[in-house]
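Note sheet for the following structure.
As structure tokens, this is what we get:
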């Protein structure tokens, strides 16, 4: 639509001349020849610009301008004064009232067109800036809401699971991302745990993260399923869980892929089974300080290759500590562009004397000390699990 200009002038001839000058340039012209009606005209017509004569019967242009600038509906519409008075003091007064320009009669019509174009251009730019600011504000609100939803899916302290001691840390980057982790009971003796990272950042990644997290809830049918005899539910092995996720989340579904480590702990029997799909391998620290990297698994989820996933199984000892973590830790950069890396992480977890809570705290303290307060570019996620054993069910530490 063409831009609309309201001309407020009690002299019809002057209005006709201005209208005849401006219309060929594509502007829509609205007239008002009674100063007393100017505010009402402006509220109804909502022009993009007002050309306002100063000397009019009933009410001066100065008074009209004051009314326009005092009204929330009309205050942002630019006003150009038209006057046969060209004294500097009068121009200054008009500008102080809120006008954007002051044109002295008799007009040079090329000058009028140039000044009108300039003010309309500025108004259009101001509108674009306002729209951009509003879009940015709306986006920030959406990101904050998505971040709140994402945090709601994380473990809620305190979680108490018999035979386990738990700790975790989550430090989001500036952008909401695709990290998620959780630990939860599967039945009376088994506990499931996972950490996943969906590709990309922002709301799309967060939405996919939430959807996958729901798939991994115990009621979903992915991590537990009805027994064939119809009596209760059975725990699904980790490799089978990853195969089902790979079928349910091909990259074409959301234009996203993700990495994940999923494990099952038999708390009573003291066994651990796990499988990893393209995610940084979980770490197991033994009570004697030896360290195992849990590498069994397969490729990233969603690549559509009908992938096979290997599964690792091992016996847990009392005092074993597991660490699941995101690549946001390994790829955290300091101010010199050096990565925190795998070796620094391993040095943080090797001390068996630290509790799992103290170990998680030490990892993050070391990370941010290394980074010298650098803002992380990716989410930092860490889940620590210590196997303490269940009383009266034997002593798994006796196992080799």
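In this note's numbering, the protein residues as written are 31 to 430.
All C-beta atoms, glycine included, are put in the ideal place defined by N, C-alpha and C.
According to DSSP, simplified to helix, strand and coil, what is residue 411?
As a working mapping, residue 411 is identified with position 381 in the chain shown. It is a strand residue.
Threshold first: 4 residues or longer. Then list the alpha helix (DSSP H) segments lying entirely within the region 307–367, N to C.
Qualifying alpha helix (DSSP H) stretches, in chain order: 357–360.
N- and C-terminal bounds of the alpha helix (DSSP H) containing residue 121:
Along the chain shown, one-based indexing puts residue 121 at 91. 118–126 is the extent of the alpha helix (DSSP H) around residue 121.
Under 8 angstroms between C-beta atoms of residue 194 and residue 315
The residue given as residue 194 occupies position 164 in the chain shown. The residue given as residue 315 occupies position 285 in the chain shown. Not a contact, by the Cβ cut-off of 8 angstroms.
Is residue 223 buried or exposed, if buried means 16 or more other CB atoms sit within 10 Å of its CB?
As a position in the chain shown, residue 223 is number 193, starting the count at 1. It counts as buried.
Give me, in chain order, the residues of the same chain whose beta-carbon lies closer than 8 angstroms to that of residue 401; leave out the 5 immediate sequence neighbours on both sides.
Here residue 401 is taken as the residue at index 371 of the chain shown, counted from 1. Within the same chain, residue 401 has close Cβ partners 362, 363, 364, 365, 370.
What residue from 304, 82, 333 has the CA that sits closest to residue 353's CA?
Here the question's residue 353 lines up with position 323 in the chain shown. Residue 353 has its Cα closest to that of 304, out of 304, 82, 333.
Is it buried or exposed for residue 86, if we count other Cβ within 10 angstroms and need 16 for buried?
Locating residue 86 in the chain shown gives position 56, where the first residue counts as 1. Looking at its Cβ environment, which holds 16 or more other Cβ atoms inside 10 Å, residue 86 is buried.
Nearest-angstrom Cα separation, counted from residue 220 out to residue 301
Position 271 of the chain shown holds residue 301. Position 190 of the chain shown holds residue 220. Spanning the two alpha carbons is a distance of roughly 10 angstroms.
Starting from residue 220, follow its DSSP beta bridges and name the residues at the other end.
Mapped onto the chain shown, residue 220 falls at position 190. Bridge partners of residue 220: 296.
Please list, in chain order, all residues of the same chain as residue 417 whose beta carbon is under 6 angstroms from its beta carbon, the five residues on each side excluded.
Position 387 of the chain shown holds residue 417. Here the set comprises 346, 350.
With a 10 Å radius around its C-beta and 16 neighbouring C-beta atoms as the bar for buried, classify residue 403 as buried or exposed.
Translated into the one-based positions of the chain shown, residue 403 becomes position 373. Exposed, because fewer than 16 other Cβ atoms sit within 10 Å of the Cβ of residue 403.
Is residue 268 buried or exposed, if buried means 16 or more other CB atoms sit within 10 Å of its CB?
For the purposes of this step, residue 268 is taken as residue 238 along the chain shown, with counting starting at 1. Residue 268 is buried by the Cβ-count criterion.
DSSP puts residue 212 in a beta bridge; with which residues?
Your numbering for residue 212 matches position 182 in the chain shown. Paired residue(s): 224.
In terms of DSSP beta bridges, what is residue 81 paired with?
The residue you call residue 81 lines up with position 51 of the chain shown. Looking at the DSSP assignment, residue 81 forms a beta bridge with 37, 110.
Distance, Cα to Cα, residue 393 vs residue 384?
For the purposes of this step, residue 393 is identified with residue 363 of the chain shown, where counting begins at 1. For the purposes of this step, residue 384 is identified with residue 354 of the chain shown, where counting begins at 1. Cα to Cα, the separation comes out at about 11 angstroms.
Pop quiz: residue 116 and residue 134 are said to be a contact at Cβ under 8 angstroms. What is the actual Cβ separation, rounded to whole angstroms?
By 1-based counting over the chain shown, the position of residue 116 is 86. By 1-based counting over the chain shown, the position of residue 134 is 104. Residue 116 to residue 134, Cβ: 4 angstroms. Contact.
Please determine, among 294, 355, 48, the residue with the shortest C-alpha to C-alpha distance to residue 254.
One-based indexing of the chain shown puts residue 254 at position 224. Nearest option by C-alpha distance: 294.
Terminal residues of the beta strand (DSSP E) in which residue 254 lies:
In the chain shown, counting from the first residue as 1, residue 254 sits at position 224. Run containing residue 254: 254–256, per the beta strand (DSSP E) assignment.
Helix, strand or coil at residue 184 [DSSP, three-state]:
Indexing the chain shown from 1 puts residue 184 at position 154. Correct three-state label for residue 184: coil.
Go ahead and pull the three-state DSSP assignment for residue 197.
The residue you call residue 197 lines up with position 167 of the chain shown. Residue state, collapsed to three classes: strand.
Neighbourhood of residue 343 by C-beta distance below 6 angstroms, restricted to the same chain and skipping five residues each side
Along the chain shown, read from residue 1 onward, the residue named residue 343 stands at position 313. 303.
Count the other CB atoms within 10 Å of the CB of residue 42; is the residue buried (16 or more) or exposed (fewer)?
Here residue 42 refers to the residue found at position 12 when the chain shown is read from its first residue. It is exposed - the Cβ of residue 42 has fewer than 16 other Cβ atoms within 10 Å.
Would DSSP call residue 250 helix, strand or coil?
As a working mapping, residue 250 is identified with position 220 in the chain shown. Note: residue 250 maps to coil in three-state DSSP.
Taking all protein chains shown into account, do 16 or more other C-beta atoms lie within 10 angstroms of the C-beta of residue 119, making it buried, or fewer, making it exposed?
Start at 1 with the first residue of the chain shown, and residue 119 comes out as number 89. The residue is exposed, with fewer than 16 neighbouring Cβ atoms inside 10 Å.
Check for me: the alpha helix (DSSP H) holding residue 92 runs from which residue to which?
Along the chain shown, one-based indexing puts residue 92 at 62. Segment 91–100, the alpha helix (DSSP H) holding residue 92.
Quick one, are the C-beta atoms of residue 306 and residue 332 less than 8 angstroms apart?
Translated into the one-based positions of the chain shown, residue 306 becomes position 276. Translated into the one-based positions of the chain shown, residue 332 becomes position 302. Cβ distance not < 8 angstroms, so residue 306 and residue 332 don't count as in contact.
Exposed unless 16 or more other CB atoms sit within 10 angstroms - verdict on residue 200
Position 170 of the chain shown, counted from the first residue, corresponds to residue 200. With 16 or more other Cβ atoms within 10 Å, it is buried.
Should the region 67–78 be called in touch with the region 46–55, which here means at least 3 C-beta pairs below 8 angstroms?
no
Using beta-carbon positions only, say whether residue 409 and residue 209 come within less than 8 angstroms of one another.
Numbered from 1 along the chain shown, position 379 holds the residue referred to as residue 409. Numbered from 1 along the chain shown, position 179 holds the residue referred to as residue 209. Yes, Cβ-Cβ distance for residue 409 and residue 209 is below 8 angstroms.
6 angstroms CB neighbourhood of residue 309 in its chain, flanking five on each side removed:
For the purposes of this step, residue 309 is taken as residue 279 along the chain shown, with counting starting at 1. Take residue 309, set aside five residues on each side of it, and the residues of its chain with a beta-carbon closer than 6 angstroms to its own are 289, 290, 291, in chain order.
Residues bridged to residue 237 (per DSSP):
Looking up residue 237 in the chain shown gives position 207. DSSP, once it has assigned bridges, lists no residue as partnering residue 237.
Residue from 83, 248, 357, 379 whose Cα sits closest to the Cα of residue 111:
Counting from 1 along the chain shown, the entry for residue 111 is found at position 81. It is 83 whose Cα lies nearest to the Cα of residue 111.
So what does DSSP say about residue 72, is it helix, strand or coil?
The residue given as residue 72 occupies position 42 in the chain shown. Note: residue 72 maps to helix in three-state DSSP.
Can you round the beta-carbon distance between residue 149 and residue 108 to whole angstroms, since I take them to be within the 8 angstroms contact cut?
Reading the chain shown from its first residue, position 119 is the one you call residue 149. Reading the chain shown from its first residue, position 78 is the one you call residue 108. Going by Cβ atoms, the distance from residue 149 to residue 108 rounds to 5 angstroms, so yes, they are a contact pair.
Shortest alpha-carbon distance to residue 387 belongs to which of 281, 198, 155?
Taking the first residue of the chain shown as 1, we reach residue 387 at position 357. Of 281, 198, 155, the smallest CA-CA separation from residue 387 is found for 198.
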